[in-house]
Structure formats: structure tokens, C-alpha cells
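Inspection log for the structure reproduced underneath, given as C-alpha cells.
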Amino acid sequence: MELRLQITPAILNRIPSFKVGAVLYQDIEITGSPQMLKGRLRLFQESLFFDYADRSPEDEMAVKEWHDAFRELNPSYSGRESGLERMLKDIKEQRFVEPENSAIDLSRFFSLKYLIPVHIYDARKLNGPIKIEPGSPGEIITFSDDAGAFGTITGNLSLHHAGTDTKDALQLVFFRPSLSIEESRRLLESLTKMFEQIHGGEHISTVFP
0 MELRLQITPA ILNRIPSFKV GAVLYQDIEI TGSPQMLKGR LRLFQESLFF DYADRSPEDE
60 MAVKEWHDAF RELNPSYSGR ESGLERMLKD IKEQRFVEPE NSAIDLSRFF SLKYLIPVHI
120 YDARKLNGPI KIEPGSPGEI ITFSDDAGAF GTITGNLSLH HAGTDTKDAL QLVFFRPSLS
180 IEESRRLLES LTKMFEQIHG GEHISTVFP
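For the sequence shown, numbering that gives the first Met the number 0 begins at 0 and goes up steadily by one.
What follows is the structure, given as C-alpha cells:
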């Protein structure tokens with residue numbers, strides 16, 4: 000297994016503390032989510048629903064931090080919602096995320112718990128090194144391989160996402176700039192441990208750059 004990923008200087012020059020955790024899983028088994036994961040995802044959303052009864056997701060320090068980071072990368076992004084913020088606002092309106100599959104549901108659980116974007120893709124459908132770079136004027140950060148863009152940090156584009164036929168997967172975890180490298184590594188270790196408990200297989204992981 001080999002992880003080949005590059006964050007372009009255009010991002011790092013604007014946000015020097017920008018970090019991405021990349022995980023390559025091999026020989027995994029993705030299914031419908033086990034009841035334990037379904038229950039945890041549902042209960043956590045219900046907890047957030049009550050937390051937001053008298054406040055807005057926009058008040059979250061993490062949401063504000065992502066807004067600041069996105070504006071730093073693309074000033075035209077001001078006033079728009081990230082995918083994470085949309086998910087939180089849906090929860091406030093009691094529109095909860097429904098189970099999809101074990102890999103995506105676990106990624107969403109960690110995304111909600113730590114307020115960080117987490118995406119997972121079928122690694123066998125990706126070719127060449129992965130590049131993390133600024134997107135078009137209407138997007139913030141794009142993920143691409145040799146064939147072109149396959150995903151974005153906001154989730155507006157998502158090709159080749161992991162499904163029940165996926166045996167090897169690439170997971171991308173975007174840490175808040177304020178998190179230290181040590182905190183980021185601990186979060187990534189916690190995620191990969193739980194992922195393999197559910198899906199089996201093996202993995203390699205790195206926090207870039």
C-alpha cells in the first residue's frame with residue numbers, strides 16, 4: 000500500500016496550518032450499518048438537536064473557523080454554507096441523516112462529533128496521486144486524480160464514493176487549522192481503529208503535509 004497525496008502551495012501559502020489526514024484501507028467489508036453504529040449516529044444527532052434548541056450552528060466556534068479558512072482561500076465564499084454547516088442546520092430542523100452504509104455512516108459520525116469534513120471513496124476507482132487544490136470560483140477545495148476532480152471539501156461533488164462493493168477505500172479527513180498535529184493524529188487513530196473494528200482489513204495513514 001502507498002499513499003500519494005499532495006496539498007498544493009496555493010492552499011498552504013494561505014493557511015500554513017492546513018492539514019489533511021489520508022487513510023488507505025485494504026481488504027475491507029462494507030455493509031449496511033450495524034445497529035450499534037446506526038444507534039450512535041441517531042443518538043448523537045438527537046443530542047445535537049437539543050443542543051441547538053436555543054442557538055444556531057453558526058455559533059459553533061468550529062463552524063466560524065471553517066468560514067474564516069474558506070474565506071481565506073476564496074473571498075467570494077463569504078456568506079455561503081459549508082456541507083458540514085448544512086448538515087448541522089438540517090439536524091436543528093430535525094431532518095436527521097439517514098443510514099447509507101457502514102463506511103459513509105461512520106465518516107458522518109466522526110464529522111459531526113469533531114466538526115471536521117470526512118469523505119470516503121472507492122480507492123480502486125482512483126488513478127495516480129491525489130491532489131488537494133483550490134477549486135473553481137464556486138468551490139473551495141477540490142480533490143482530483145489523473146482523471147480529474149472527484150470530490151470537494153463541501154461535498155457538492157462526490158464521485159466514486161465508497162459502497163458495499165468497495166474493498167479498498169481512501170478516506171480524507173480535514174482537520175481544523177487550530178488543531179495541533181498531535182491532536183490530529185490522535186483523532187485519525189481513533190477513527191481508523193473504529194473503522195477497522197467494523198470493516199476489518201488493514202490500513203496505512205498519514206497526516207499531510
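All C-beta atoms, glycine included, are put in the ideal place defined by N, C-alpha and C. Everything numeric in this text was worked out from a predicted model, so none of it was measured.
| Query | Result |
| --- | --- |
| Local conformation of P133 per DSSP, three classes | strand |
| Run of the beta strand (DSSP E) containing F173, from where it starts to where it stops | A168 to F174 |
| DSSP three-state assignment for G150, whether helix, strand or coil | strand |
| Classification of T153 by the beta-carbon crowding that lies within 10 angstroms, buried from 16 upward | buried |
| Start-end ranges of the alpha helix (DSSP H) lying completely within the stretch 63 to 149, minimum 4 residues | 82 to 91 and 101 to 113 |
| F49, enclosing alpha helix (DSSP H) - first and last residue | Q34 to D50 |
| Endpoints, the alpha helix (DSSP H) within which L186 is located | I180 to H198 |
| Three-state secondary structure assigned by DSSP to E201 | strand |
| CB contact flag (E64, P176, <8 Å) | yes |
| Stretch-stretch touch, CB-based, cutoff 8 Å, three pairs: the stretch 161 to 174 with the stretch 94 to 104 | yes |
| T141 versus I131: straight-line alpha-carbon distance, rounded | 6 Å |
| Own chain partners of A52 with C-beta closer than 7 Å, once the 5 adjacent residues on each side are dropped | none |
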